[in-house]
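J.:
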Amino acid sequence: MLFTKAIVRTPAKSVINGIDDYANEGKPDYQLALKEHHDYVATLTKLGVAVTTLKPLEDYPDSCFVEDPAVVFDDFAVITNPARSTRQKERELIRPAIEHFYADKQIFAITSPGTLEGGDVMPVDNDLIYVGRSARTNRAGIDQFTKIAAKFGKTVKMVPVKQVLHLKTGTTYMGNNKLLVSGEYIDSPYFKDFDQLRVPAGEDYAVNCINTGNGVIMPAGFPGVKGLLTDNGFTTHEINMSEFSKIDGGLTCLSLRF
Ligand code: CIR
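Going letter by letter, the sequence shown gives residues 2 to 259 in our numbering.
(1) Check whether the stretch 151-163 touches the stretch 130-139, taking contact to mean three or more Cβ pairs, one atom from each stretch, closer than 8 Å.
(2) What is the DSSP secondary structure of D196, reduced to helix, strand or coil?
(3) Shorter than 7 Å, the distance from the beta carbon of G250 to the closest heavy atom of ligand 1, or not?
(4) Quick check: the stretch 13-33 against the stretch 244-255, are at least 3 beta-carbon pairs closer than 8 Å?
(5) Please state whether the Cβ-Cβ distance between L166 and D22 is less than 8 Å.
(6) Have a look at L198 and N233 and give me their C-alpha separation to the nearest angstrom.
(7) Buried or exposed, going by whether 16 or more other CB atoms sit within 10 Å of the CB of N127?
(8) What runs of the beta strand (DSSP E), each 3 residues or longer, lie entirely inside the stretch 59-135?
(9) Roughly how many whole angstroms lie between the Cα atoms of A141 and F4?
(10) Return the first residue and the last residue of the alpha helix (DSSP H) that A150 is part of.
(11) Quick test of the definition: if touching needs 3 or more C-beta pairs under 8 Å, does the stretch 221-228 touch the stretch 199-206?
(12) Given the structure, does L94 come close to ligand 1, in the sense that its CB is under 7 Å from one of the ligand's heavy atoms?
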């Protein structure tokens with residue numbers, strides 16, 4: 002197993018008003034989003050992950066995307082500083098759950114003018130962490146994060162994010178030097194040392210996958226990516242993500258994994 006625990010937050014009814022900067026496919030259906038979220042939790046659980054489910058927060062439409070307000074590692078956690086005003090308070094609201102699991106460990110925080118969202122943080126093996134410089138994560142945020150990570154022997158490499166929301170909207174790490182890449186990250190010099198699994202055109206959304214170490218969770222309906230993963234020796238588990246994709250959310254965004 003690459004992680005044994007996960008924190009998720011049930012979508013609130015307000016999820017229909019989540020930020021939609023990219024997808025432009027209409028509003029999510031609340032009931033269907035709930036069902037998809039339920040299937041997500043069930044799949045994690047089936048794969049041996051102990052899932053903690055936090056209560057929905059009506060005042061925060063994007064609060065089910067718990068990956069963004071915190072970043073968690075084995076030995077420390079960081080409360081981030083989401084860039085968009087409607088997501089700012091999520092940092093305070095995730096804190097109690099982080100304090101619960103990191104009671105005997107150090108918890109840090111990114112502060113203004115630094116901004117950083119967890120969707121931009123992609124740890125790989127060997128104590129190396131890639132962090133996207135995006136519309137949501139700025140230089141000051143990355144500088145703060147780099148200093149925190151250095152205390153734990155981790156190196157941060159900054160990668161520009163130009164065409165997608167977060168770094169992990171464009172690439173996710175599958176372990177063993179295998180990197181799923183789409184769009185701007187295909188053959189990118191930033192990732193030249195990885196064994197790149199190139200997502201076929203038209204299936205970019207499915208680049209955002211989770212390797213549990215016990216099977217890869219991927220969005221349903223992307224046969225090219227499924228084939229790519231299967232050919233590389235991964236067992237896949239598909240989840241319908243139709244409603245979260247309408248508000249730019251991928252699989253990784255829906256959990257904190259540690
Ligand atoms: C947002 O725009 O903030 C949300 N609608 C989607 C957040 C997706 N999070 C992620 O990729 N880690």
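Think of the CB as a built atom: it goes at the ideal place given N, C-alpha and C, for glycine as much as any other residue.
T.: So, to answer that:
(1) yes
(2) strand
(3) yes
(4) Yes: the two stretches touch, three or more of their Cβ pairs being nearer than 8 Å.
(5) yes
(6) 9 Å
(7) exposed
(8) 71-73, 77-80, 107-110, 122-125 and 129-134
(9) 29 Å
(10) R140 to A151
(11) yes
(12) no
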